[in-house]
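Okay, so here's the structure we're looking at.
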């Protein structure tokens with residue numbers, strides 16, 4: 015079961031990445047990626063992997079040591095759970111960057127390599143996006159002053 019869940023992890027996330035990278039202007043992409051629930055399938059896989067080995071996971075994360083984490087990730091279940099953890103967070107970060115980039119008007123050709131970097135090396139993709147986004151300002155909404163009721 016662990017092998018199947020490991021293989022399924024990226025397969026359920028890949029369509030969302032494809033939408034953001036290959037079809038960024040499609041109206042359905044904005045509708046789909048607009049929901050934070052896109053990460054839910056990967057989160058459920060992660061939960062299955064962690065809950066099935068909770069007795070091994072809890073000590074390694076409750077009082078982490080390098081040896082404890084290494085030993086946990088050195089198992090098939092631990093590596094599969096670690097992979098699902100990374101895929102879920104990378105997708106959530108990629109989603110945020112894609113939405114923020116659209117709001118700021120960052121061109122799709124700039125976002126595509128940033129999103130690819132996020133898929134492959136999560137935190138480096140986040141760092142790249144944080145650097146890129148400084149070039150585009152978020153549009154401001156004109157203040158209309160306090161609203162009166164009645």
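Residue numbers (my numbering): 15 to 164. Beta carbons: idealized from backbone N, C-alpha and C, even for Gly.
Counting only runs of at least 4 residues, the region 48-127 fully encloses the following alpha helix (DSSP H) elements, listed from N- to C-terminal order: 54-66, 68-76, 80-87 and 90-118.
Around the Cβ of residue 69, a 10 Å sphere holds fewer than 16 other Cβ atoms; the residue is exposed.
For the 8 Å CB-CB criterion, residue 91 and residue 62 do not form a contact. In chain order, 129 and 132 place their CB closer than 6 Å to the CB of residue 108, counting only its own chain and leaving out the 5 sequence neighbours on each side.
Annotation for residue 31: the continuous alpha helix (DSSP H) segment containing it runs 16-36. Ranking 18, 142, 111 and 127 by CA distance to the CA of residue 48 puts 111 first.
Residue nearest to residue 154 within the set 118, 141, 134 and 104 is 118 (criterion: CA-CA distance). When secondary structure is reduced to three states using DSSP, residue 42 falls in the helix class. Here residue 153 carries a coil assignment [DSSP, helix/strand/coil]. Between the region 41-55 and the region 24-32 there are three or more inter-stretch CB-CB distances shorter than 8 Å, so the stretches are counted as touching.
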